[in-house]
Structures are given as structure tokens and as C-alpha cells.
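Remarks on the structure that follows.
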């Protein structure tokens, strides 16, 4: 269990680091796009060669496939509800409205979006610890948290929130996501192999959906053409760590 605590703190520390930077400095959009692309490549590799591969071995194609689809569907449903709450409409432009700063509380809206993306990632990290430490998934989550919290902190600062309040808010978010790692590890410890396979694939499906819906579109929009190289670099690093 101590390993889960350390992994949770390590993965979530990027949120605090990003908020500390964003509270004082506004980075170029291309930089955040490249970082998100790197994180996307790392997450794809970690999901394919660690998380889902383990689920497939334990549960077979039926259980792992259903879990993957259920996780993706759950993320899409919750994400759509959040988009409607943020902008009053559904569709691909919902978060763009929030990011433009035209609505009050944009920083908190971005914080909610990051939390939604982070919960399945950190739960997946916790569940994966049942079979041993997943260093590649930890690195992937760290690099996805950093640019997201950085952008969110900048939005909060631009809306008039003090630097101290920005950092404290993201610190609380980091503690919540660290707790998700511990929770995932605790729940998974008592599961049978078949149930654990569904849990792993469910978490993987949710993370995969967040990649397709949030991380990779933002990386493409702001990081091109360097996003392609960053994605490949993240994939390779995660693959090496998984081996």
C-alpha cells in the first residue's frame, strides 16, 4: 500500500508543479501542445503494453473488450455532461468556449475537466499496482498532468484568482487524484482475476477515451507539426520503461 501512496504522490505532483509555473508564467501554446503530445504517446504505449495486455491475459477477449468499451462509454457520458455544464451546449467546441475565458469560473471549469481526465488515469495506475509497479504508466500520467494543470492555472490567474489560491486549489486536486491511486490499489487487491481484468480494461477504456477526446486534439491544435515527433518520443520512452 505504501507503494500506491508514493506512486499517487509522484503522479499528482505534476499538478502542483504545473500550477506553480502557471501562477507566474504563461507558456506558449505550442509548448503545452508538444507536452500533451508526448504524454499521449506515453499513455498509448502504457495502455497497450501494460494495462490492457494484462487485462486480456487474465480475462480473455470478451471480458477485456466489454470492459474497454464500458470505460470509454462512461467517460464520454460524464465528459458530455461536463461540457454542457461548462458552456450550455454539447459538441466539440464546448471546452473551447471555456478556454477562451468568456465565462465566469473558467479556471474552475478547466480544473473539473482535468479532474475528470485524471481520475481514470490514476485509478488505472492504482489497479495496475496489483501486478507490480507500472513505471511507464506513472511517467505517462505525470507528463499529461503537467501541461493540463499549467494551462488551467494560467486561466485561473487571468480570471483574477490570486497565485496562492491557484496553487492551493491544484494542490487539493493533486491530493484527490493521489487518493484515487490508493483507492484503485485497495479495491483491486481483493478482486478475482476475471473481475480485475474487467477493472483494468474499464480504466484503460476511460483513459483511451480521454486521449481521443481531450489530449490528442489539443496536442494537434497547438503543437503541430512537432506533435508528431513528441508523440513518437513519448511512445518510445514508455515502451522502454515497460520492458
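In full-length UniProt numbering, the protein residues as written are 1 to 243. Each residue gets a CB set at the ideal place from its N, CA and C atoms; glycine is no exception.
- For residue 58, the number of other beta carbons within 10 angstroms of its own is at least 16, and it is reported as buried.
- Cα atoms of residue 79 and residue 132: separation of roughly 30 Å, rounded to the nearest angstrom.
- For residue 75, the number of other beta carbons within 10 angstroms of its own is at least 16, and it is reported as buried.
- Note on residue 120: 16 or more other CB atoms within 10 angstroms of its CB, so buried under the neighbour-count rule.
- No residue range can be given for residue 24, since it is assigned to no alpha helix (DSSP H) and is classified by DSSP as neither H nor E.
- Residue 161 carries a coil assignment under DSSP once its states are collapsed to helix, strand and coil.
- Note on geometry: alpha-carbon atoms of residue 77 and residue 206 lie some 11 Å from one another.
- Residue 224 is classed as exposed because its beta carbon has fewer than 16 other beta carbons within 10 Å across all chains shown.
- Nearest in C-alpha terms to residue 47, of all of 61, 138, 60 and 115, is 138.
- Nearest neighbour of residue 12 by Cα position, chosen from 127, 2 and 144, turns out to be 144.
- By the criterion of a C-beta distance shorter than 8 Å, residue 114 is surrounded in its chain by 15, 145, 148, 149, 152 and 173, once the five residues flanking it on both sides are discounted.
- DSSP, read as helix, strand or coil, puts residue 45 in helix.
- Looking only at 178, 112 and 193, the smallest Cα-Cα distance to residue 4 is reached by 178.
- Separation of the CB atoms of residue 183 and residue 126 is rounded to 6 Å, and the pair is thereby assigned contact status at 8 Å.
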